[in-house]
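All remarks here apply to the structure that follows.
Residue numbers (the numbering used here): 26 to 314.
Pasting the structure below:
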């Protein structure tokens, strides 16, 4: 059965059906809708005021790549300027390739890039050195915990070097769901209480941070990168298998599989709405994401 026409432009054939709205969209209209939703998130949340110098935490991965691309498209409407800031954690066999992707992005989009390294900031320490120092000490599974603290500080330092007024990171809805579950499993009530917003205003001397992609699912981030043909680095960090986050991610995947392929209640169709499978049959040619 052929795919139906795009419900937005009515010209091209639909490439996907969005689960929350039930809309069957072509690739171009999906990307336009995705960008409009990010714009709404930024404006409604008052995340980036006109005149802001925005440091984009650029890792070379799909999330930061999509974030940088979308903000570059929206920058004239928002009245902001962008600076890419990448962190070199000193992870052999991994970070060099990721940084190469960031440099390609910076050159293609004509955006200034600053790279800050753990080795320079933290007295010669790299992430590989941290991992070696904790191996066999009973703390070897804490590499990602150490790295998270160091990376946050390094990104702050990089943002200050380029004169940024705000920092943005590419965390998406899946990342935030994993974080909430991790904090719940750890019984960390403090972090759970603080985790409901789209960022932090910047306490003390820290710069304000926000997450413009926080309401976008990982699947739609990947689809945006696909339709825009973005170049990004997709390999997992060598220390990621040790992280507690991986257990939260696996649990969420099992819950998702048991819940009709939906991660959140907001993605489940209410009976009688356009997204309800009983009301709107989905052609096999149009995948639902």
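Ideal Cβ positions, reconstructed from N, Cα and C, are used throughout, including at glycine.
Please confirm whether any heavy atom of the ligand ZN lies closer than 8 Å to the CB of residue 84. With respect to small molecules bound, the structure shown includes none, and the ligand ZN cannot be examined in it.
Within 10 Å of its beta-carbon, does residue 35 have 16 or more other beta-carbons around it, so buried, or fewer, so exposed? Around the Cβ of residue 35, a 10 Å sphere holds fewer than 16 other Cβ atoms; the residue is exposed.
Local Cβ density within 10 Å of residue 52, reported as buried at 16 or more and exposed below that: In the assembly as shown, residue 52 is a buried residue. Its beta-carbon has 16 or more other beta-carbons within 10 Å.
Quick one: what's got a C-beta closer than 8 Å to residue 112's C-beta in the same chain, skipping five residues either side? Scanning its chain for C-beta atoms nearer than 8 Å, with the 5 sequence neighbours on each side dropped, one finds around residue 112 the residues 82, 84, 140, 141, 142, 143, 176, 179, 180 and 183, in chain order.
What is the DSSP secondary structure of residue 196, reduced to helix, strand or coil? Reduced to three states, the DSSP call for residue 196 is coil.
Within the segment 133-159, ranges of the alpha helix (DSSP H) (whole runs, at least 4 residues): Runs found: 143-146 and 152-159.
Apart from the five residues on each side of it in sequence, which residues of its chain come closer than 6 Å, Cβ to Cβ, to residue 43? Close CB contacts of residue 43 within its chain, under the 6 Å cut and outside five residues either way in sequence, are absent.
When the Cα atoms are used, what is the spatial distance from residue 122 to residue 116? Spanning the two alpha carbons is a distance of roughly 10 Å.
Grab me the residues of residue 57's own chain with a C-beta within less than 8 Å of its C-beta, minus the 5 sequence neighbours each way, in chain order. The residues are 33.
Any C-beta of chain E under 9 Å from that of residue 211: The structure shown contains no chain E, having only a single protein chain.
Going along the chain, which residues of its own chain have a beta-carbon closer than 6 Å to the beta-carbon of residue 225, five neighbours each way excluded? Contacts found: 234.
Identity of the residues DSSP links to residue 49 by a beta bridge: Looking at the DSSP assignment, residue 49 forms a beta bridge with 42.
If you draw a straight line from the alpha carbon of residue 288 to that of residue 279, how long is it in whole angstroms? Because the pLDDT at residue 288 is just 42, under 50, the model does not fix this residue reliably, and the point stays unresolved.
For residue 3, the three-state DSSP class (helix, strand or coil): For the chain, the structure presents residues 26 to 314; residue 3 sits outside this window and is missing.
Straight-line CA distance for residue 239 to residue 202? The straight-line gap from Cα to Cα measures roughly 10 Å.
Going by the CB atoms, is the gap between residue 62 and residue 250 shorter than 9 Å? The answer is no: Cβ separation not under 9 Å.
Which first and last residues belong to the alpha helix (DSSP H) in which residue 275 is found? First-last of the alpha helix (DSSP H) with residue 275: 269-283.
Just verifying my parser: in three-state terms, what is the DSSP assignment at residue 74? Note: residue 74 maps to coil in three-state DSSP.
Name the two residues that bound the continuous beta strand (DSSP E) containing residue 256. Residue 256 -> no beta strand (DSSP E), and no H or E assigned at all.
Cβ of residue 186 within 9 Å of Cβ of residue 232? Against a cut-off of 9 Å, the Cβ pair of residue 232 and residue 186 comes out as no contact.
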